[in-house]
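First up is the structure itself, then whatever we jot down about it.
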Amino acid sequence: MKLSGILVVVTTWFLFATPASAASVVNSVHNLSPTGPGTVRAAEDSGVCEFCHTSHMSSPVAALWNRRSAGSTYMPYSSSTAKASPGQPTGSSLLCLSCHDGTVALGDVLSRAAPISMAGGVTTMPPGRSNTTTDLRHHHPISFIYDSGLAGLQGELALPANLPPEIRMDSTGQMQCTSCHDPHDDSFGDFLVMPNQSSSLCLECHLKDGWPTTPHSQSGATWNGQLPDPWPVAQDQTVATNACRNCHENHQTGGGPNLLRNASRIDNCAACHNGNVASQDVMASFGKISTHPVASTADIHDPVESAVVIDRHVACSDCHNPHKPTPDQPGGGVRPAPQVRGVDLNNTEQSPATRVYQVCLRCHGDSPGKKTPLVRRQLDQDNVRAEIQPGNPSFHPVAGPGQNTDVPSLIPPWNEQSIMDCVDCHNSDSAVTQGGVKGPHGSSFEPILVRNYETTDFTRESPNSYALCYNCHNRNSILNDDSFGEHDKHISGEDSPCSACHDPHGISATQGNTTNNTHLINFDTTIVKPNSMGNLRFVDQGRFKGSCDLLCHGKNHRNKSY
Amino acid sequence: MKTTNFLKVTVAASFLVASIASAGVITASKHDFSGKGWNGTGEICVVCHAPHNNLNAAGELLWNHTESTATYTVYSSPTFGQTAANPPSGASKLCLSCHDGTVALDSFGGATGGTFIGGGALLGTDLSNDHPISFPYTTAGEELNPTTATVNYADGTTGTIADLLFGADVECSSCHDVHNTKSNGGKLLLVDNAASALCLTCHAK
Chain A
0 MKLSGILVVV TTWFLFATPA SAASVVNSVH NLSPTGPGTV RAAEDSGVCE
50 FCHTSHMSSP VAALWNRRSA GSTYMPYSSS TAKASPGQPT GSSLLCLSCH
100 DGTVALGDVL SRAAPISMAG GVTTMPPGRS NTTTDLRHHH PISFIYDSGL
150 AGLQGELALP ANLPPEIRMD STGQMQCTSC HDPHDDSFGD FLVMPNQSSS
200 LCLECHLKDG WPTTPHSQSG ATWNGQLPDP WPVAQDQTVA TNACRNCHEN
250 HQTGGGPNLL RNASRIDNCA ACHNGNVASQ DVMASFGKIS THPVASTADI
300 HDPVESAVVI DRHVACSDCH NPHKPTPDQP GGGVRPAPQV RGVDLNNTEQ
350 SPATRVYQVC LRCHGDSPGK KTPLVRRQLD QDNVRAEIQP GNPSFHPVAG
400 PGQNTDVPSL IPPWNEQSIM DCVDCHNSDS AVTQGGVKGP HGSSFEPILV
450 RNYETTDFTR ESPNSYALCY NCHNRNSILN DDSFGEHDKH ISGEDSPCSA
500 CHDPHGISAT QGNTTNNTHL INFDTTIVKP NSMGNLRFVD QGRFKGSCDL
550 LCHGKNHRNK SY
Chain B
0 MKTTNFLKVT VAASFLVASI ASAGVITASK HDFSGKGWNG TGEICVVCHA
50 PHNNLNAAGE LLWNHTESTA TYTVYSSPTF GQTAANPPSG ASKLCLSCHD
100 GTVALDSFGG ATGGTFIGGG ALLGTDLSND HPISFPYTTA GEELNPTTAT
150 VNYADGTTGT IADLLFGADV ECSSCHDVHN TKSNGGKLLL VDNAASALCL
200 TCHAK
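Chains as they are written, first to last, in numbering that gives the first Met the number 0: chain A, 0 to 561; chain B, 0 to 204.
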């Protein structure tokens, strides 16, 4: 009792005697002595410095170091986009790991014969955020040379000479734990060398093009409290203040590539875009009948994959750049392309894409392994790049104005010189609702169509049956036979769908010609058959004139003119 | 169990008492060599100092112990902004005449002895794993307290960091109280290093 009293007095005296400021290691959880503020601390008298340093007989690894190296073999970080290839940890990082990899007793110091005993039965680093384990694959890389060469090779990386003095490479030019952490000063939390509000520390090195103006760095959106918590580790309140940590963590990620927080790529986006942070629930679109299959294929994505996708998949980041805003919509005309890669009409990579369709062509152009088209045609084609070429006999005007200079059904502002985007037809059905989720995420109408589009034979004509077409092509004009004089007879009279005769994307010049395949004519061969002479053809005979050889609904057309 | 605890407490208490009792005098401190078998003189001081006919031609510190002629590897580190003198200068060199282990403890007064220092007190000639000595205490750009910062000696008296320096330099005696005038015994530390108070006297971590 008396002794305890003395100890208390002595301890108290030292507490007051220690010239410790708020930033001192003494007031941080790195003070593992009994006077430390953390839960992990010594059960017996020990120094503050002693857990790491000794004044004599220190470790040969580093000056005055009082710990032996863990001797562990580590699994270093790697990623397909990283230009640095860190191997086993080196230098001061090894010293950090002699506690933080969880293999060496915290109190096991060189200056003592027996390890310092820790309170609460703790020996090695308890599991949790501070225990990296020897698997460093899900931690920011360390122990690699960070020089101007790497910055040039990697891109979007600051030159080391331009870094603030707080961020230092070691004497060999390597990035180490100590580049971001100061083990003696916890003023900014997590022993960071500078504040990381809005990822300011991350952004000193990572100069992501466009980041300062992207919604992910600007949005003041907050979490509505509905589980799951989009920011389970970072404690910041808005998208802007979480910044990089909306999606990435430097340590203890959930196993995703590229230090993404969640193992599955889509979960990193879904965390906010499920209506709990972002105003729109994009994820709901993926529950519809016809979707881009992100849930089942996103993890195939690799940022360094070829522009023309070989292993078919779609990840959010195939179409969206989370680091870079899509430019503002210019006044009218086609939509601005997202800042991701695309493939142009010549099958050449465009980075970034200059038109929306170039993004689509990564998968819907020359990419192998496509699904069979919903409608089988006389001239089958599953390559949209071939279908929309401006040199084709006819095509919907995606890559350039159409061939037909006389389309009376067009509803203004559409006219014969208009250019459209794939997403004018292929879009979430919610896009037609004010404030609804836009973009070709998922729709009730196959294949991801913004409006209903029946392709089944004997479909009763109605505004809804061909709502997709009628959105641009005036239904009255069509049924009034303003162009093809027999439209009404075929559509209303015979209940034939538009798709029986028209191939919406276009007919490739490599397959069709300007005699038989103008006006998007390419028959659905499940509906339209060769006539009694074995002929199946349309012949263009000038403005609103033509002839057909075919058999349809029991009608045998032999050179039938209109 | 109870007995063990009692013993521990008793032992701890006796050390506490012993260390307090020994402050202020060299007698009974680790540098009191009067009872050592290798010290035939039975004296305390003569191992290091002699008032007359000592071994130091210049007479400095009346040094009476054979000096080491060893070559040292001194401390260096990429983050250590100073250069430790090699060989160490001043009084530190005298400490090393026993503590580097190349000269026998009983090589004093002109005699050549055969008993060498051992254990934790043996630093060897490789000083690269020991806190640097013989370098100027320079606070600019370093996480170090100013020379005017208070030093709380183990005996309860106070001073400033400037008092610990030799000229402007850090030497062995900046931390170690060789004559045990202010220390708490043990490692002859000028400042009791509980909770690393000695380290933190200079290091503003």
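Beta carbons are placed, not taken as given, at the ideal position from N, Cα and C, and that holds for glycine.
Setting aside the 5 residues that flank it on each side, A/L152 is surrounded in the same chain by K82, each with a C-beta closer than 7 Å to its C-beta; the list follows chain order.
Within chain A, the residues whose beta carbon sits less than 7 Å from that of B/Y74 are A62, listed in sequence order. With 16 or more other Cβ atoms inside 10 Å of its own Cβ, A/D185 counts as buried.
As computed with DSSP, B/P135 is found in a beta bridge with B/D168. Not a single C-beta of chain B is nearer than 7 Å to the C-beta of A/M174.
Cβ neighbours of B/T124 within its own chain (closer than 6 Å, five residues either side excluded): A69, Y71 and D99. In the structure shown, A/K528 falls within a strand segment according to DSSP collapsed to helix, strand and coil.
A/A113 counts as exposed, since fewer than 16 other beta carbons sit within 10 angstroms of its beta carbon.
Using a CB distance below 9 Å, no part of the region 36-59 of chain B faces chain A. In the DSSP assignment, A/S546 falls within the unbroken beta strand (DSSP E) covering G545 to C551. Apart from sequence neighbours up to five positions away, the residues of its chain that approach A/E43 with a beta-carbon distance below 8 Å are P33, I115 and S116, ordered along the chain.
Listed by position along chain A, the residues whose Cβ is nearer than 9 Å to that of B/C198 are G46, V47, C48, E49, H52 and S54. In this structure, A/V276 keeps its C-beta atom at 7 Å or more from the C-beta atom of A/A242. With respect to chain A, the C-beta atom of B/A167 has no partner C-beta closer than 7 Å. Cβ atoms of A/R340 and A/A306 come within 8 Å of each other, at about 5 Å. Judged by beta-carbon spacing, A/S142 lies within the 7 Å limit of A/Q173, meaning their Cβ atoms are closer than that value.
Shown here for A/A233: same chain residues with a beta carbon closer than 7 Å to its own, the five before and five after excluded, namely N241 and R244 in chain order. With the criterion set as a beta carbon lying under 7 Å from some beta carbon of chain B, the members of the region 178-202 of chain A are H183, in sequence order.
The Cβ of A/T132 sits no closer than 7 Å to any Cβ of chain B. Within chain B, no residue has its CB atom less than 7 Å from the CB of A/T89, the nearest being about 13 Å off.
Flagged as an interface residue toward chain A: B/P77, by a C-beta distance shorter than 7 Å. Taking a Cβ-Cβ cut-off of 7 Å, B/S182 has no neighbours in chain A, whose nearest Cβ is about 15 Å from it. Assignment of A/E348 by DSSP, reduced to helix, strand and coil, places it in the strand class. Below the 9 Å Cβ cutoff, chain A contributes H55 and M56 as neighbours of B/L122, in chain order. Look at the region 162-232 of chain A and you find these whole runs of alpha helix (DSSP H), each 4 residues long or longer: 176-179, 199-204 and 214-217.
Proximity of chain A to B/H178 at the Cβ level (cut-off 8 Å) is not reached, the minimal Cβ distance being about 20 Å.
Under a criterion of Cβ atoms nearer than 8 Å, the residues of chain B adjacent to A/T34 are, in order, A194. For the options A/D405, A/P400, A/T509 and A/R376, the alpha carbon positioned closest to that of A/F522 is the one of A/R376. Membership of B/G158 in the beta strand (DSSP E) is indicated by the continuous run T157 to T159.
Of all C-beta pairs linking the region 386-393 of chain A to the region 501-516 of chain A, three or more are shorter than 8 Å, placing the two stretches in contact.
Contact with chain B is found for A/V24, since one of that chain's Cβ atoms lies less than 7 Å from the residue's Cβ. When CB distances to chain B are screened at a threshold of 8 Å, not a single residue of the region 64-97 of chain A falls below it. Taking the C-beta atoms as reference points, B/E141 is found no nearer than 7 Å to B/G89. In this structure, the CA atom of A/D208 is about 33 Å from the CA atom of A/L93. Leaving aside the five residues that flank B/P145 on each side, the residues in its chain whose CB is nearer than 8 Å to its CB run, in chain order, T138 and I160. Under the three-state reduction of DSSP, A/A336 is assigned to coil, being neither helix nor strand.
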